[in-house]
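K.L.:
Residue numbers (UniProt numbering): 1 to 74. We put the CB at the ideal spot given by N, CA and C, even for glycine. Remember, predicted model here, so these are calculated numbers, not experimental data.
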């Protein structure tokens with residue numbers, strides 16, 4: 001549920017994924033990173049739901065935020 005190895009938050013679920021880039025030209029890279037994170041998170045949630053015997057349970061919306069320079073996109 002979390003893509004970080006940082007100890008204090010390693011086992012906590014992510015509520016919002018935020019990707020920041022300092023310049024506007026890196027927008028495509030930011031979108032690829034958010035897509036990769038979201039895909040992995042959905043895959044892990046589906047795996048956990050199957051293990052819990054609830055494979056048909058719905059997954060809540062996963063907010064994604066992309067920051068390019070001073071522009072924030074939701």
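Under a Cβ-count criterion, where at least 16 other Cβ atoms within 10 Å of its own Cβ denotes burial, should residue 25 be classed as buried or exposed?
P.N.:
Taking all protein chains in view, the Cβ of residue 25 is surrounded by fewer than 16 other Cβ atoms within 10 Å, so the residue is classified as exposed.
K.L.:
Can you tell which of 61, 7, 11 has its C-alpha closest to the C-alpha of residue 39?
P.N.:
When C-alpha distances from residue 39 are compared across 61, 7, 11, the shortest belongs to 61.
K.L.:
Roughly how many angstroms separate the alpha carbons of residue 79 and residue 22, rounded to a whole number?
P.N.:
Given that the chain is displayed from residue 1 to residue 74, the structure contains no residue 79 and the question cannot be resolved.
K.L.:
Measuring straight from C-alpha to C-alpha, what distance separates residue 46 and residue 32?
P.N.:
21 Å
K.L.:
On the DSSP letters alone, give me the boundaries of the alpha helix (DSSP H) that residue 64 sits inside.
P.N.:
Note, residue 64: premise wrong, no alpha helix (DSSP H); beta strand (DSSP E) at 64 to 68.
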